[in-house]
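Accompanying notes for the structure given below.
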Amino acid sequence: MSKKAWGGRFDEELDAIAARFSASVDVDQRLWPQDIDGSIAHVRMLADQKILTAKDAKKIVAGLEKIRAVIERGEFEWDADKEDVHMNIEAALTEAIGEAGGRLHTARSRNDQVASDMRLWTRQACHSIATDIDALLLALADKAEAHVDFVMPGYTHLQRAQPTRLAHHLLAWCEMLERDRSRVLDAAKRMNESPLGSAALAGTTFPIDRAATAEALGFDRPMQNSIDAVGDRDFLLEAVSALAICSVHLSRVAEELVLWSSEEFGFVQMSDAFTTGSSIMPQKKNPDMPELVRGKTGRVVGALVNLLVMLKGLPLAYNRDLQEDKAPVFDAFDTVHDCLAVLTGAIASATFDKARMAEALHTGHLAATEVADWLASRGVPFREAHHIAATLVDRAHQLGKTLAELPLETYREAHASFDATVFDALDMETAIERRDVPGGPARNHVTKAIDELRGRLETRRGS
Ligand code: ARG
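Okay, here's the thing in structure tokens:
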């Protein structure tokens, strides 16, 4: 930046390395739509308040709209010598309309300007992540609906535990994603206050109307305290925390897809469009997309840590450190957006293997809980019933049989109250249907949950 911009105190130009070190336009130029919107709201308010003439304001607005069009056409020349997005646009304005351009910055500072731009940018980014999440939820709802009758083992400790439905498992992912969505929107809601008018940190002597600019930009209200408005970035911490949690969820989903697509599980086959081969092993189809989703979590969690450390110990109000907020925030949003889009495609195009899932139900003695429940429902204390079922599992294991293959005498030896109805309880489909509790895997609860999810998605798409 030519030192002329800072006024008479500077005799020397900024050192080249210092200039390169402090320029941020490469990163912050993507704030241009918010920067222009913010400037237009500001200048209109200045005219309404008679701080600027209507004539100057008109000129400025027209100039900014022209710059918007040039940027949209990809013809704007961003100049690192002009430091950041704000100075680039203001310089272009003054070049285009002359003296009036120099009046735009009346009653404003880059400190409240950048804080406003970031709030506007992040607000829309949060809404767009919510839309991305809805797309993934829709893909999951479709898969769940198409696979209500695919039964599979549910796992604890990655050991086959109890029978469930694929749809029930997919709906568990949906619940995680629903919470992620509401967290992101919650952050968007809380950040929706306007810093404009806080100026450098202590407001301004001009008779501005903060409520008017807040309203013009869709903010709920002006921020309460000008020092806080320019000095804090907790709105970014909150948004990126929500993204980090979402990323961790996506990573867990991705990990299950990686496991399930292995030869060992064989529950799912990813489509060719979402797998890659190996350059050396011709037999391979690798689940790279979910692996990358899992791997990219580090970037998003890293962005959160980056922001937390940047803010820790920072005195109020604005410090140049805050310029470093943009790269991690943009990267976190871009990464989560991509991960959601890739998972949506990968899941929508995946094929589940009904036979392999059902087969996995028949080893691992998943019926053991059914045996214990059968006894407990006939008055045997559950702890004792559990012990008896365990001895039967042991017996089956020694004989290389399933619980259903043991003869009734073996059951009777374990406990006198056993009769042939115990075998009905061992059927896996029956075992699932008997879990007839809200939130459970019985068919009626699963289909109800899918319907409710679809209903929510429809309402949201309509709104
Ligand atoms: N590029 C700066 C940032 O992103 C704009 C604010 C500059 N303010 C200042 N006092 N130097 O933080």
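Heads up: the sequence shown begins at 164 in this note's numbering, then just goes up one per residue.
The beta carbon of each residue, even a glycine, is placed where N, CA and C say it ideally should be.
None of the values given here were measured: they were computed from a predicted structure.
On the CB-based measure, 16 or more other CB atoms within 10 Å of its CB, does residue i come out buried or exposed?
| i | result |
| --- | --- |
| H578 | buried |
| H290 | exposed |
| G171 | exposed |
| I260 | buried |
| T514 | exposed |
| M444 | exposed |
| P570 | exposed |
| H560 | exposed |
| S540 | exposed |
| K222 | buried |
| F545 | exposed |
| T438 | buried |
| T376 | buried |
| R273 | buried |
| D191 | buried |
| A288 | buried |
| Q387 | exposed |
| S279 | buried |
| Q486 | buried |
| S424 | buried |
Going by Cα to Cα distance, which pick from the options is closest to residue i?
| i | options | result |
| --- | --- | --- |
| A298 | A523, E262 and L506 | L506 |
| F313 | D280, H549 and R519 | R519 |
| A612 | W284, E533, L300 and T294 | L300 |
| H310 | P604, R624, T622 and S626 | P604 |
| K517 | Q192, G602 and V431 | V431 |
| D494 | D391, G508 and T460 | T460 |
| S580 | L474, L562, V543 and D189 | V543 |
| Y481 | D391, W423, K447 and S626 | D391 |
| A583 | E568, R597 and E592 | E568 |
| A436 | S425, D451, E426 and Q446 | D451 |
| A407 | S424, R344, M591 and S425 | R344 |
| A243 | D599, H320, E572 and A254 | A254 |
| L380 | L283, K447 and S425 | L283 |
| E419 | Y318, R342, S389 and G237 | Y318 |
| M591 | A521, G360, E615 and A374 | A521 |
| D295 | H320, C337, R328 and L321 | C337 |
Would residue i and residue j qualify as a contact pair, given that the criterion is a beta-carbon distance under 8 Å?
| i | j | result |
| --- | --- | --- |
| H268 | L340 | no |
| I510 | L303 | yes |
| A362 | D275 | yes |
| R346 | A405 | yes |
| F382 | A350 | no |
| V277 | H249 | yes |
| V499 | C409 | yes |
| A220 | A210 | yes |
| F369 | A270 | yes |
| V421 | E454 | yes |
| P316 | L524 | yes |
| P326 | I551 | no |
| N449 | S442 | no |
| G366 | L479 | no |
| L348 | A293 | yes |
| D488 | M281 | yes |
| R384 | L474 | no |
| V206 | W241 | no |
| Y574 | V556 | no |
Going by beta carbon distance, what residues of the same chain come within less than 8 Å of residue i, once the five residues before and after it are set aside?
| i | result |
| --- | --- |
| I252 | W195, D198, I199, S202, L227 and I230 |
| V403 | V463, A466, L467, L470, P491, V492 and A495 |
Excluding the 5 residues flanking residue i on each side, which residues of the same chain have their C-beta closer than 7 Å to its C-beta?
| i | result |
| --- | --- |
| V456 | L413, S414, A417, C502, V505 and L506 |
| A307 | A330, L333, L334 and I613 |
| L471 | L400 |
| R286 | A351, M354 and N355 |
| T554 | A577 |
| R623 | D297 |
| F631 | Residue 631 lies beyond the stretch modelled for the chain, which goes from 164 to 626, so this question has no answer here. |
| T630 | No information on residue 630 is available, as it lies outside the stretch 164 to 626 that the chain covers here. |
| Q212 | P370, I371 and D372 |
| D587 | T593 |
| R606 | V311 and E596 |
Report all residues from its chain with a CB closer than 6 Å to the CB of residue i; omit the five preceding and five following residues, and keep chain order.
| i | result |
| --- | --- |
| A530 | L566 and L589 |
| S434 | S512 |
| G527 | R323 |
| F239 | V233 |
| A548 | A535, L538 and A539 |
| I180 | none |
| G264 | L256 and T257 |
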